[in-house]
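For reference, the structure is listed below as structure tokens.
Residue numbers (the working numbering), protein chains in the order written: chain L, 1 to 140; chain R, 141 to 286.
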């Protein structure tokens, strides 16, 4: 792994100077992914036919920097679904639910606004009965 | 239409990649007046058996990124929660060759559950679905159109 200053600086300049342009740049990607952007594009987990019920979510890895937040999500997701928040996105910091938003972009923006400067951990998770089960090269 | 062409390696379909801070992090650092780290060059392996692009933890740690999402995957030891990060991701032309980079300014990637020697990134179906990939086995090459 090495840092490529020339290419990297060029890409960084591109990101900083052409923020507005990115919305149109990524619009075809967002359309292909079946998600809608609203200025900034919306990163999402890829759609697949594999999913698990939220009650089957595995526990957090003990050494994970977001294990407290993830365990809070596991504990609270059933209640959030029962309260009618299916399809929305929850921002969690520590043991606290900070808020619920209709889209991931707004939830992430609030997380960055509150916690990014100090690199405090937070997570944004979709409130969904069926949670993504992703396949990787190392998967069974 | 930009086209990137590569030779087929005996160990798979390798592409040079760049992983960097995503646009949200770049803009946050910019607004705070903090330095912005340049993207890091690595070796990517095209892997259509992987749902989501995976990045080695050694790259992600260099940016002091904290994971923003979790999801579940299955490993040899059973289901496990894995960390996901938002990064910018590019596929570059071969060194010394002209060509436009494939750039995704904010891509959700999974941290590789375990390092793979010689591979920094598994380029998964999330990225492949945005491109047209043509494999020419007899010609010992492949190309990516986007």
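The beta-carbon is built from N, C-alpha and C at its ideal position, and this holds for glycine as well.
With at least 16 other beta carbons inside 10 angstroms of its own, residue 164(R) counts as buried. Checking the DSSP bridge columns, you'll see residue 183(R) partnered with 156(R).
For residue 215(R), same chain residues with a beta-carbon under 7 Å away, outside a window of 5 residues either side, are 253 in chain order. Of all C-beta pairs linking the segment 118-134 of chain L to the segment 87-99 of chain L, three or more are shorter than 8 Å, placing the two stretches in contact. In chain order, 142, 242, 270, 271 place their CB closer than 7 Å to the CB of residue 286(R), counting only its own chain and leaving out the 5 sequence neighbours on each side. Exclusion of the five residues before and after residue 153(R) leaves 146, 185, 186, 275, 282 as the residues of its chain whose Cβ lies within less than 8 Å of its Cβ.
Around the beta carbon of residue 223(R), 16 or more other beta carbons sit within 10 angstroms, so the residue counts as buried.
One alpha carbon belongs to residue 149(R), the other to residue 182(R), and they sit about 16 Å apart. When the alpha-carbon of residue 60(L) is set against those of 192(R), 212(R), 157(R), the nearest one is in 212(R). Using beta-carbon distances, residue 189(R) counts as an interface residue toward chain L, with a partner under 9 Å.
Assignment of beta-bridge partners to residue 223(R) by DSSP yields 210(R). Runs of the beta strand (DSSP E) lying entirely within the segment 255-285 of chain R and spanning at least 3 residues, in chain order: 261-263, 272-276, 281-285. Neighbours of residue 150(R) in chain L, taken as residues whose beta carbon is under 8 Å from its own, are absent, since the nearest beta carbon is some 18 Å off.
Proximity to residue 196(R) across 151(R), 266(R), 279(R), 250(R) peaks at 250(R), based on C-alpha coordinates.
Judged by beta-carbon spacing, residue 266(R) lies beyond the 9 Å limit of residue 162(R), meaning their Cβ atoms are not closer than that value. Secondary structure note for residue 202(R): its alpha helix (DSSP H) is the uninterrupted segment 197-202.
In the DSSP assignment, residue 70(L) falls outside any beta strand (DSSP E) and lies within the alpha helix (DSSP H) extending over 67-82.
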